[in-house]
Amino acid sequence: MSGLSAVILDCYNTLIDLDRVHEATVAKILERAGSPVDPALFHSYWDVRERRNLEEAVSRGRAGFVLQAALNVKSLRETFEHFGIDGDAESGVELWVELTRRCAPFPDARPALAELGEARALAVVSNADNYPLLDILRREGLEFEQVVTSETARAYKPDSRIFRFALKALGRSAADSVYVGDTPRVDVPGAARLGMSTVWLNRKGRPLSPDEPAADITVAGLAGLAAELERLG
0 MSGLSAVILD CYNTLIDLDR VHEATVAKIL ERAGSPVDPA LFHSYWDVRE RRNLEEAVSR
60 GRAGFVLQAA LNVKSLRETF EHFGIDGDAE SGVELWVELT RRCAPFPDAR PALAELGEAR
120 ALAVVSNADN YPLLDILRRE GLEFEQVVTS ETARAYKPDS RIFRFALKAL GRSAADSVYV
180 GDTPRVDVPG AARLGMSTVW LNRKGRPLSP DEPAADITVA GLAGLAAELE RLG
């Protein structure tokens with residue numbers, strides 16, 4: 000990791016805390032539908048459909064690209080069908096977006112970005128639509144040299160194209176850059192294939208699953224990231 004000149008980070012659940020957004024969305028959706036389905040089961044199945052629909056979107060490539068909101072609607076509609084709920088997927092996703100828009104950075108995000116930005120370029124690469132991500136960053140005053148969403152790049156992680164798009168926009172090489180994210184299955188492979196270093200931000204201290212790729216280093220929070228990068232490079 001010697002000579003790192005750029006730190007590229009995921010946004011949601013890395014910089015911006017979404018920990019309770021899905022739970023709140025699911026609770027409200029089930030309340031609106033008058034459904035007795037266990038919220039945890041509903042949430043778990045929705046997550047499964049999200050992962051599978053994302054995998055399908057990645058496999059289709061640029062020609063078959065659709066926005067994250069469309070993937071979310073499809074996944075929620077499939078979840079309603081699975082549980083036999085007569086629900087409105089579009090309004091459910093609108094609720095999710097509104098709750099997401101209100102989210103704030105983790106307490107360690109601002110100081111970590113200030114420290115990291117003293118010697119390195121900072122950027123964001125996120126599987127997200129431009130709205131509300133760009134609005135959140137503007138509202139919170141979080142500034143980056145580049146913010147690359149899946150909507151902008153027309154590609155989703157773990158497809159390497161979204162990372163290549165960001166590196167070109169930054170004017171940095173893969174060997175000079177590190178990617179930091181909270182989801183190894185999505186965040187590690189595409190960056191690593193290009194030769195980028197990778198960091199798993201494991202805020203919850205969970206073990207790595209056997210089917211998840213290992214990052215070069217793992218950190219429990221952003222507070223120690225700058226020091227880790229200095230020691231490694």
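Mapping to numbering that gives the first Met the number 0: the sequence shown position 163 is 162, numbers consecutive. Each residue gets a CB set at the ideal place from its N, CA and C atoms; glycine is no exception. Keep in mind that this is a model prediction, so the values were computed, not measured.
Tell me the DSSP secondary structure of residue i in three-state form.
i, result
"L200", "strand"
"A118", "coil"
"L8", "strand"
"M0", "With a pLDDT of 45 at M0, under the threshold of 50, the modelled position of that residue is not reliable, and no figure is offered here."
"V25", "helix"
"T151", "helix"
"S34", "coil"
"S159", "helix"
"V218", "strand"
"G180", "strand"
"V20", "helix"
"V187", "coil"
Can you list, in chain order, the residues of its chain whose CB lies under 6 Å from that of residue i, leaving out five sequence neighbours each side?
i, result
"V6", "L115, R119, L121 and V177"
"N12", "D181"
Assuming residue i contacts residue j (C-beta within less than 8 Å), just tell me the rounded distance between them.
i, j, result
"F143", "V124", "Wrong, their Cβ atoms sit about 10 Å apart, outside the cutoff."
"G2", "D215", "Wrong, their Cβ atoms sit about 15 Å apart, outside the cutoff."
"L193", "R163", "6 Å"
"G180", "D9", "4 Å"
"R171", "S34", "With 8 Å as the limit, R171 and S34 do not qualify as a contact, their Cβ atoms being about 48 Å apart."
"P183", "P209", "Actually they are not in contact, since the Cβ atoms of P183 and P209 sit about 12 Å apart, beyond 8 Å."
"A111", "L224", "6 Å"
Within its chain, find whatever has a CB closer than 8 Å to the CB of residue i; leave out the 5 residues flanking it on each side and keep chain order.
i, result
"L94", "T24, K27 and I28"
"L233", "Lying outside 0 to 232, the shown extent of the chain, residue 233 is not represented and no answer is given."
"E227", "V198, I216 and V218"
"L147", "Note that residue 147 corresponds to Val in the displayed sequence, not to Leu. A122, V123, V124, S125, I161, F164, A165 and A168, listed in sequence order."
"E89", "V72"
"D233", "Outside the displayed span of the chain (0 to 232) sits residue 233, for which this structure offers no information."
"E150", "L66, Q67, A127, D128 and N129"
Leaving out five residues before and five after residue i in sequence, what residues of the same chain have Cβ atoms less than 7 Å from its Cβ?
i, result
"Y44", "T78 and H81"
"A108", "L14 and L221"
"L207", "P183 and A213"
Against chain B, does residue i count as a neighbour if the rule is that its beta carbon must be under 7 Å from one of theirs?
i, result
"T197", "In the displayed structure, chain B is absent; only one protein chain is listed."
- Three or more C-beta pairs closer than 8 Å, one from the segment 179-195 and one from the segment 144-157: is that the case here? Contact between the segment 179-195 and the segment 144-157 is present, because at least three Cβ pairs lie under 8 Å.
- Query: Can you find at least 3 beta carbon pairs, one from the segment 85-103 and one from the segment 28-41, that sit closer than 8 Å?
  - Reply: Yes: the two stretches touch, three or more of their Cβ pairs being nearer than 8 Å.
- Message: So, does the segment 11-18 touch the segment 98-111, judging by three or more C-beta pairs under 8 Å?
- Response: Contact between the segment 11-18 and the segment 98-111 is present, because at least three Cβ pairs lie under 8 Å.
- Do the segment 67-76 and the segment 39-51 meet, that is, are 3 or more Cβ pairs less than 8 Å apart? Because the criterion of three Cβ pairs below 8 Å is met, the segment 67-76 and the segment 39-51 touch.
- Query: How about the segment 127-138 and the segment 60-69: do they share at least three Cβ pairs that are nearer than 8 Å?
  - Reply: With the cut-off at 8 Å, the segment 127-138 and the segment 60-69 touch.
- Query: Unbroken alpha helix (DSSP H) runs of length 4 or more, entirely within the segment 41-125: which are they?
  - Reply: For the segment 41-125, whole alpha helix (DSSP H) runs of length 4 or above, ordered along the chain, are 67-82, 88-100 and 108-115.
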